[in-house]
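Going line by line, the protein sequences match chains A and B. In case it helps, our numbering puts the first sequence at residues 26 to 103. In case it helps, our numbering puts the second sequence at residues 105 to 352. For each residue, glycine too, the CB sits at the ideal point set by N, CA and C. In this text, all values refer to a predicted model and were calculated from it rather than measured experimentally. Beneath this line is the structure, given in structure tokens, with notes to follow.
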Amino acid sequence: MMSEFFHMGGYAAYVWPAYGIATLVLLGLLAATWKGLRNAEATLKALESARPARRRTRNAGRKAADQNAGTPAEASEG
Amino acid sequence: MHRFANPARFLRLSAVLLPWCAGATVILTILGLWLSLFGSPPDYQQGETVRIMYIHVPAAWMSMFIYTNMAIAAGVGLVWKHPLADLFAKAAAPIGAGFTFVCLVTGSLWGAPMWGTWWVWDARLTSVLILFFLYLGYMALVNAFDDPQRGMKAGNVLLLVGIVNVPIIKFSVDWWNTLHQPASVVRMGGPSIDASMLTPLLVMAGAFTAYFLSVVMLRVRTEIAQRKIQTLRLSVAGDGGVADGMRG
Numbered sequence: 026m027m028s029e030f031f032h033m034g035g036y037a038a039y040v041w042p043a044y045g046i047a048t049l050v051l052l053g054l055l056a057a058t059w060k061g062l063r064n065a066e067a068t069l070k071a072l073e074s075a076r077p078a079r080r081r082t083r084n085a086g087r088k089a090a091d092q093n094a095g096t097p098a099e100a101s102e103g
Numbered sequence: 105m106h107r108f109a110n111p112a113r114f115l116r117l118s119a120v121l122l123p124w125c126a127g128a129t130v131i132l133t134i135l136g137l138w139l140s141l142f143g144s145p146p147d148y149q150q151g152e153t154v155r156i157m158y159i160h161v162p163a164a165w166m167s168m169f170i171y172t173n174m175a176i177a178a179g180v181g182l183v184w185k186h187p188l189a190d191l192f193a194k195a196a197a198p199i200g201a202g203f204t205f206v207c208l209v210t211g212s213l214w215g216a217p218m219w220g221t222w223w224v225w226d227a228r229l230t231s232v233l234i235l236f237f238l239y240l241g242y243m244a245l246v247n248a249f250d251d252p253q254r255g256m257k258a259g260n261v262l263l264l265v266g267i268v269n270v271p272i273i274k275f276s277v278d279w280w281n282t283l284h285q286p287a288s289v290v291r292m293g294g295p296s297i298d299a300s301m302l303t304p305l306l307v308m309a310g311a312f313t314a315y316f317l318s319v320v321m322l323r324v325r326t327e328i329a330q331r332k333i334q335t336l337r338l339s340v341a342g343d344g345g346v347a348d349g350m351r352g
């Protein structure tokens, strides 16, 4: 029964490669996409942590700068 | 559509949609494979080779569907300068090329036993091969410029010019003599294919569509991250050193 299924009526050499190629291409593309996303997110994280004083997060940047200068801004708030 | 052009909003929306698309991909693929390999009968003329159809035809649909979407995004990107439209086209291109490749290879594997040849230079096969080269050409063009904006613009123009190929693919089997069989699902008067074969075909098409949506969302995320990386690097190189020095 099982060998008959794999035999595909004598067309096994055509049917199974078709399914195999599709599987390879789709899984390969997914793996490459996943890897690319992980790499990009890791690079972005490293860059952002290396340079926290960005224009978009001006307040956080100013606080960090104040701390560097030795004037703790949080002291008066807390 | 303007509301979705904001990258931050896209990231939030895709975080919600992605699990659903990924889940749909898994479920539809399992169901589709079961129906294609076990749950459908062999064809009375083509025997078991008809099972290649459940990969070949949905892959062909995807190759045209993805290209059409990329061309629409290219138009939107050129006219309204939406940041996400360019990123979508760039993100979708490798997936479209992948489906076109699958379509060509499975077509060959189906043609060899049924037509007695792996390849013929007729209108249908040639126009699909051109589609494959359009995908590859777009991918090469977009990455060929130092300034990504210029690459995107050139790529968008190529996508818009290449869209004429899509109706040629669709109607090539009606306009020219070919070994390829005419359309049996998307045709006037409804599908001419039996439900036992139409169901696995549509389920596999659904699986491929869900796969495309999942992977394209991941790839757009990657592109957004790449853009941020580029902006950060440029600002570090431009004013970073001086500004940091003054602050410290």
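Which residues of chain B have a Cβ atom closer than 9 angstroms to the Cβ of residue i, listed in chain order?
i, result
"residue 73 of chain A", "332 and 336"
Going by CA-CA distance only, name the one from the options that's closest to residue i.
i, options, result
"residue 266 of chain B", "B/201, B/121 and B/175", "B/175"
"residue 202 of chain B", "B/131, B/169 and B/136", "B/169"
"residue 237 of chain B", "B/111, B/211, B/134 and B/204", "B/204"
"residue 269 of chain B", "B/320, B/315, B/222 and B/228", "B/228"
"residue 129 of chain B", "B/320, B/160, B/181 and B/192", "B/320"
"residue 186 of chain B", "B/313, B/260, B/164 and B/309", "B/260"
"residue 324 of chain B", "A/71, A/75, A/62 and A/76", "A/62"
"residue 137 of chain B", "B/240, B/194, B/335 and B/304", "B/304"
"residue 274 of chain B", "B/145, B/172, B/334 and B/341", "B/172"
"residue 314 of chain B", "B/126, B/263, B/250 and B/264", "B/126"
"residue 140 of chain B", "B/299, B/333, B/272 and B/116", "B/299"
"residue 65 of chain A", "B/332, B/243 and B/111", "B/332"
"residue 27 of chain A", "B/255, B/162 and B/142", "B/142"
"residue 199 of chain B", "A/45, A/31, A/38 and A/55", "A/55"
"residue 222 of chain B", "B/234, B/209 and B/250", "B/209"
"residue 162 of chain B", "B/287, B/254 and B/293", "B/287"
"residue 240 of chain B", "B/308, B/336, B/193 and B/252", "B/193"
"residue 318 of chain B", "A/31, A/59 and A/29", "A/59"
Give the interface partners of residue i over in chain A, defined as CB-CB distance under 8 angstroms, in chain order.
i, result
"residue 210 of chain B", "43, 46 and 47"
"residue 214 of chain B", "39 and 43"
"residue 323 of chain B", "58, 61 and 62"
"residue 163 of chain B", "47"
"residue 319 of chain B", "54, 55 and 58"
"residue 146 of chain B", "34"
Using a beta-carbon distance below 7 angstroms, is residue i in contact with chain E?
i, result
"residue 143 of chain B", "Chain labels in this structure do not include chain E; the protein chains are A and B."
If I measure Cβ to Cβ from residue i and keep anything under 7 angstroms in the same chain, skipping five residues before and after, which residues do I get?
i, result
"residue 153 of chain B", "214, 217 and 218"
"residue 100 of chain A", "Reliability fails at residue 100 of chain A, whose pLDDT of 42 lies under 50, so the model's placement of it is uncertain and no value is given."
"residue 179 of chain B", "264"
"residue 196 of chain B", "170, 173, 174 and 320"
"residue 231 of chain B", "269, 272, 273 and 276"
"residue 49 of chain A", "none"
"residue 111 of chain B", "187, 188 and 328"
"residue 235 of chain B", "167, 171, 204, 269 and 273"
"residue 297 of chain B", "288 and 289"
"residue 31 of chain A", "37"
Can we count residue i as close to the ligand NAP, meaning its CB is less than 6 angstroms from some heavy atom?
i, result
"residue 204 of chain B", "With respect to small molecules bound, the structure shown includes none, and the ligand NAP cannot be examined in it."
Counting only the same chain and skipping the five closest in sequence on each side, list residues whose C-beta sits under 6 angstroms from that of residue i.
i, result
"residue 133 of chain B", "311"
"residue 211 of chain B", "160"
"residue 224 of chain B", "283"
"residue 144 of chain B", "300, 301 and 304"
"residue 155 of chain B", "140"
"residue 164 of chain B", "207"
"residue 290 of chain B", "none"
So who's on the other strand from residue i, going by DSSP bridges?
i, result
"residue 151 of chain B", "B/147"
Note down, in chain order, every chain A residue with its Cβ under 7 angstroms from the Cβ of residue i.
i, result
"residue 134 of chain B", "Those within 7 angstroms of residue 134 of chain B in chain A number zero; the least Cβ separation is about 13 angstroms."
"residue 217 of chain B", "36 and 39"
"residue 329 of chain B", "65, 66 and 69"
"residue 153 of chain B", "36, 39 and 40"
"residue 205 of chain B", "50"
"residue 315 of chain B", "51"
"residue 310 of chain B", "Residues of chain A passing the Cβ test: none, with the nearest at roughly 14 angstroms."
"residue 198 of chain B", "54"
"residue 156 of chain B", "39, 40 and 43"
Could you pull out every residue in the same chain whose Cβ sits closer than 8 angstroms to the Cβ of residue i, ignoring the five residues on either side in sequence?
i, result
"residue 350 of chain B", "In this prediction, residue 350 of chain B scores a pLDDT of 46, lower than 50, which makes its location untrustworthy; the coordinate-derived value is nonetheless stated afterwards. Around residue 350 of chain B: no qualifying Cβ."
"residue 114 of chain B", "108, 188, 324 and 328"
"residue 285 of chain B", "277"
"residue 118 of chain B", "321, 324 and 325"
"residue 182 of chain B", "257, 260, 261 and 264"
"residue 150 of chain B", "218"
"residue 245 of chain B", "255, 258, 259 and 262"
At 8 angstroms on the CB atoms, spell out the chain B contacts of residue i, in chain order.
i, result
"residue 52 of chain A", "Residues of chain B passing the Cβ test: none, with the nearest at roughly 10 angstroms."
"residue 29 of chain A", "Here the premise fails: no neighbours, minimum Cβ distance about 10 angstroms."
Name the chain A residues that come within less than 9 angstroms of residue i, Cβ to Cβ?
i, result
"residue 159 of chain B", "43, 44, 46 and 47"
"residue 202 of chain B", "50, 51, 53 and 54"
Which parts of the stretch 31–77 of chain A are runs of the alpha helix (DSSP H), unbroken and 4 residues or longer, counting only runs that do not cross its ends? Those alpha helix (DSSP H) runs which fall completely within the stretch 31–77 of chain A and span 4+ residues are 37–75.
Please list the segments of the beta strand (DSSP E) lying wholly inside the stretch 189–217 of chain B, counting only runs of 3 or more residues, in order along the chain. If we require 3 residues or more, the stretch 189–217 of chain B turns out to have no beta strand (DSSP E) run fully inside it.
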